[in-house]
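Residue numbers (mature numbering (1 follows the signal peptide of the UniProt record, and there is no 0)): -22 to -1, 1 to 133. By construction, the Cβ of each residue, glycine as well, lies at the ideal position given by its N, Cα and C atoms. All remarks here apply to the structure that follows.
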Amino acid sequence: MTHLITKLMLTGLIVASTHLHAENYDFKPGLWETIWKSEIVEIDAPPEMEKMMRSMSKRPDYTETECINDISSAFDLEPEENEGEECQTNSNWISANKMMFETSCTSPDGASKTVGEMHFNGKTSTSKLEVTISEEAMKIKSKLVGNGKYIGACD
């Protein structure tokens, strides 16, 4: 089940990052820190599985720190390939600082859909994702919110 929570967070992040272009937004290269908060909105699963998923979702916020000097390459990531999984992504720049995206994936184990938006403003960024995963034994809908900030030059 840890894989499912990780998949919730990474699916949205990776998919969003595959469609960014450096010339389209205001972004300061350097050391960035992003704090991610997740929340289960809805879960349809057997009681013991639901209890386990809800307890796992109460983990502390996840903080990620990374050096991003070449923004084009940092956001030009290929999604991790899972055997038998096929994904389609659509992204749309609403303005120079806001991108919206949607991805749908199917695999032998089930399906997932991520809808989200990202905002960039020089030394800050925000991300909001809604991820729905449907597998044989359950369906789960989660929200993820990320707040990023530039914290200085890379070492």
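Between which two residues does the beta strand (DSSP E) containing residue i stretch?
| i | result |
| --- | --- |
| Arg101 | What sits at residue 101 in the sequence shown is Lys, not Arg. Unbroken run through Lys101: none, as it is neither H nor E. |
| Glu11 | Gly8 to Asp22 |
| Lys119 | Met116 to Gly130 |
| Glu63 | Run containing Glu63: none; DSSP gives neither H nor E here. |
Confirm, please, whether the CB-CB distance from residue j to residue i is below 9 Å.
| i | j | result |
| --- | --- | --- |
| Phe11 | Ile129 | Residue identity differs from the one stated: residue 11 is Glu in this sequence, not Phe. Closer than 9 Å, so yes. |
| Thr81 | Asn70 | no |
| Ser15 | Gly124 | Checking the sequence, you will find Lys at residue 15 rather than Ser. Yes, the pair counts as a contact, with Cβ atoms nearer than the cut-off. |
| Gly126 | Ile13 | yes |
Can you give me the Cβ contacts of residue i inside the same chain, cut-off strictly under 8 Å, excluding the 5 residues immediately before and after it?
| i | result |
| --- | --- |
| Ile18 | Met31, Arg32, Ser35, Ile118, Lys119 and Ser120 |
| Lys6 | Gly100, Lys101 and Tyr128 |
Could you tell me which of the options sits nearest to residue i, measuring between CA atoms?
| i | options | result |
| --- | --- | --- |
| Asp4 | Glu63, Ala74, Glu26 and Trp14 | Ala74 |
| Glu114 | Pro38, Asp87, Glu63 and Glu28 | Asp87 |
Using a beta-carbon distance below 9 Å, is residue i in contact with chain C?
| i | result |
| --- | --- |
| Ile21 | Given the protein chain composition of this structure (a single chain), no chain C is represented. |
Would you give the residue range spanned by the alpha helix (DSSP H) that residue i belongs to?
| i | result |
| --- | --- |
| residue 151 | The displayed coordinates of the chain run from -22 to 133. Any statement about residue 151 would go beyond what the structure contains. |
Within the same chain, show all residues whose beta-carbon is closer than 6 Å to that of residue i, passing over the 5 residues directly before and after it, in chain order.
| i | result |
| --- | --- |
| Thr84 | Glu64 |
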